[in-house]
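Here the structure comes first, spelled out in structure tokens, and everything after it is commentary.
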Amino acid sequence: MPLTGIEIFKLLPKTNCGECGVPTCLAFAMNLAAGKAELSACPYVSEEARAKLEEASAPPIKPVTIGVGDRALKVGGETVMFRHEKRFENPPGFAILITNTMEESEIDARLERSKLQYERVGLTLRPELVAVRDDSGDAKKFEAVVSKAKQNSDCGIILMSSNPDVLAAGLKVCADRKPLIYAATGDNLDRMAELAKENSCPVAVKAANLEELTQLTTKLTEAGVKDIVLDPGSRTLRRAFEDQIFIRSAALNKKFRPLGFPTIVLPCEMTDDPMKEAIIASVFVAKYGGIIVLSDFQGHSLFPLLVERLNIYTDPQRPLATTEGIYEIGGPDENSPVLITSNFSLTYFIVSGEIEASKVPSYLLVKDTEGLSVMTAWAAGKFVADAIAPFVKKSGIRDKGKSVTSCVVLTTHVISSSPALRAGPIL
């Protein structure tokens with residue numbers, strides 16, 4: 001259970017120095033309990049107290065990072081069962097599967113498809129991982145494929161083999177990229193723990209069932225491995241679905257530390273049908289996959305999965321919003337029309353895209369409606385005459401050389417419901 005403010009206060013130095021930004025240690029403790037402050041702000045807390053507080057404040061599902069730099073993928077760190085309770089924290093990573101028995105041309109093609117990316121509401125959507133699986137037992141071939149993946153892709157890497165010696169060969173060429181090692185089992189646990197610690201890499205644990213998974217994660221943590229990813233071994237949709245829910249519930253509701261880690265799911269091993277695979281993957285975007293390994297990436301299935309992920313992992317309390325202001329599209333002048341819309345990001349990018357496609361240079365006014373769409377904002381009284389008219393007047397559009405008779409274009413429903421906007425110029 002999280003510590004209360006009073007419990008945290010007992011562990012603080014009680015100097016009331018104010019260096020943390022608040023006047024007393026009690027106030028700082030209350031801020032820590034509410035998540036409004038970081039423990040690092042206190043310069044005098046003892047190491048023992050710091051360790052206790054960090055352990056108590058750690059999320060029930062440990063965050064794990066795969067990769068380095070700008071393309072590093074952070075999974076886990078979740079705190080709720082359902083998105084509407086707060087939000088989901090770290091979106092799952094999508095991985096494309098490559099094996100060391102594939103033809104060179106196929107490997108090259110898949111590495112090229114790992115670079116697929118799309119623009120959506122001003123964001124770049126793309127997959128994050130390349131999974132290299134050993135299907136031959138040949139360490140040299142595995143090392144060569146891993147080397148090619150590293151050289152030709154900036155994605156994070158998953159090394160997949162049951163043979164620690166093969167994995168060691170792969171780590172020789174990519175340990176600096178902090179790959180995920182897959183997978184530790186009852187047969188190779190000690191050697192895999194050594195590899196993970198020697199190379200400072202996260203390791204996945206694969207078991208036949210949840211009971212065995214619990215035993216293996218306990219042994220790994222006792223061996224000093226902290227960054228763990230879980231694979232309960234389920235390879236049917238129903239069982240995998242049930243296992244994901246059980247793991248999340250045990251970690252969050254029961255505070256069961258042996259299952260308090262992100263998970264990896266492998267739709268690529270559940271079906272040979274690419275469309276069924278995409279459907280299975282879509283299930284685990286919502287329920288609760290941390291890493292999703294696909295047999296291949298195809299635009300017609302990857303893009304919907306990326307959009308689903310974007311929607312599921314958007315903070316429901318803070319809709320995607322565009323900054324209020326004037327946007328010039330196509331080099332407008334004093335004779336160009338003025339259009340106005342809400343600052344819901346999807347609305348903004350649809351409207352701006354249509355303006356660009358029309359080839360008519362225009363000014364687009366974006367009014368702050370707290371991220372609500374046009375009709376929702378209108379219904380909430382945030383996009384009505386009494387709000388729009390003052391906004392247009394103070395927007396500064398007249399500074400662009402616009403005359404008083406400029407045309408302000410609104411959606412039909414809004415303008416028909418707002419006689420004040422139709423009565424005459426509002427600038």
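The numbering of the sequence shown is UniProt numbering, which starts it at 1 and goes up by one.
Virtual Cβ for every residue (Gly too), placed ideally from N, Cα, C.
Near residue i, which residues of its chain fall below 7 Å by C-beta distance, leaving aside the five closest residues on each side in sequence?
| i | result |
| --- | --- |
| M30 | G5 |
| A281 | P267, I292, L294 and L305 |
| V121 | L320, S345, L346 and F349 |
| A377 | S342, T369 and F383 |
| A168 | L195 |
| G290 | V75, G76, P92, V229, P262, T263 and I264 |
| T271 | E277 and I280 |
| I8 | A29, L32, A33 and L53 |
| H84 | P316 |
| K394 | none |
| K86 | T79 and V80 |
Of all the options the options, which has the alpha carbon lying nearest to the alpha carbon of residue i?
| i | options | result |
| --- | --- | --- |
| residue 508 | V166, A168, A175 and A204 | Only positions 1 to 427 of the chain appear in the structure, and residue 508 is not among them; the question remains open. |
| P59 | P127, F256, Q117 and L129 | F256 |
| L365 | L305, L237, A286 and S352 | S352 |
| T124 | S358, R309, S395 and A281 | R309 |
| A251 | R235, Y348 and L230 | L230 |
| G170 | D190, K141 and K197 | K141 |
| L3 | T15, C25 and E54 | E54 |
| P92 | G396, F284, V392 and I355 | F284 |
| G396 | A377, S358 and Y327 | Y327 |
| G69 | T221, F241 and G156 | G156 |
| Y288 | L159, D134 and N90 | N90 |
| S161 | D135, C174, V392 and Q151 | D135 |
| S46 | P63, P179 and P13 | P13 |
| A193 | E211, K219 and A175 | K219 |
| L189 | K172, E222, V173 and E211 | E222 |
| L210 | L180, R318, P202 and G260 | G260 |
| D187 | A208, K172 and L180 | A208 |
| A109 | A149, H84 and A385 | A149 |
| D227 | P202, E242, R235 and T314 | P202 |
| residue 430 | T314, A175, A37 and E48 | Not covered by the structure: residue 430. The range shown for the chain is 1 to 427. |
| E356 | G371, K367, L339 and I158 | L339 |
| M102 | F88, A49, R83 and V132 | V132 |
| K36 | L159, K10 and V22 | V22 |
| G371 | K400, P390 and D315 | D315 |
| I61 | E104, G18, P179 and F246 | F246 |
| K197 | L180, K172 and G224 | G224 |
| A389 | K367, E106 and A379 | K367 |
| F297 | A139, E106 and E354 | E106 |
Tell me, which residues are paired with residue i by DSSP?
| i | result |
| --- | --- |
| E328 | Y363 |
| V265 | I292 |
| S395 | In DSSP, S395 forms no bridge with anything. |
| F344 | A321 |
Counting only the same chain and skipping the five closest in sequence on each side, list residues whose C-beta sits under 8 Å from that of residue i.
| i | result |
| --- | --- |
| S153 | L111, S114, K115 and V130 |
| G137 | N163 and V166 |
| G381 | A387 |
| D273 | none |
| R177 | G67, V68, K150, G156 and I157 |
| S249 | M81 |
Which residues in the same chain as residue i place their Cβ atom closer than 6 Å to its Cβ, once the five residues preceding and following it in sequence are excluded?
| i | result |
| --- | --- |
| T185 | K206 |
| C20 | F28, A41 and C42 |
| P361 | G330, G331, P332 and S336 |
| residue 471 | For the chain, the structure presents residues 1 to 427; residue 471 sits outside this window and is missing. |
| S57 | none |
| Y313 | F88 and P91 |
| S234 | A240 and D243 |
| R71 | D154 |
| E269 | R235 |
| L26 | F9 |
Say whether chain B places a C-beta atom closer than 8 Å to the C-beta of residue i.
| i | result |
| --- | --- |
| I292 | Any reference to chain B falls outside this structure, which holds one protein chain only. |
key: Stretch-stretch touch, CB-based, cutoff 8 Å, three pairs: the stretch 207-223 with the stretch 74-84   = Judged by Cβ distances under 8 Å, the stretch 207-223 makes no contact with the stretch 74-84, as fewer than three pairs qualify.
task = Report yes or no: do three or more beta-carbon pairs, one from the stretch 327-337 and one from the stretch 292-305, lie closer than 8 Å?
result = The stretch 327-337 vs the stretch 292-305: no contact.
key: 4 or more residues per run - each alpha helix (DSSP H) lying fully within the stretch 114-186   = As far as the stretch 114-186 is concerned, its whole alpha helix (DSSP H) runs of at least 4 residues are 139-152 and 164-174.
request  = Kindly provide the ranges of any alpha helix (DSSP H) runs that are 4 or more residues long and lie completely inside the stretch 50-121, ordered along the chain.
outcome  = Every unbroken stretch of the alpha helix (DSSP H) spanning 4 or more residues and falling wholly within the stretch 50-121 is given here in chain order: 104-113.
message = If we require 4 or more residues per run, which alpha helix (DSSP H) segments fall completely within the stretch 173-260?
response = Runs found: 189-199, 210-222 and 237-253.
request  = Taking 8 Å as the threshold, find out whether the stretch 135-147 comes into contact with the stretch 94-106 through three or more Cβ pairs.
outcome  = Contact holds: three or more Cβ-Cβ distances are below 8 Å.
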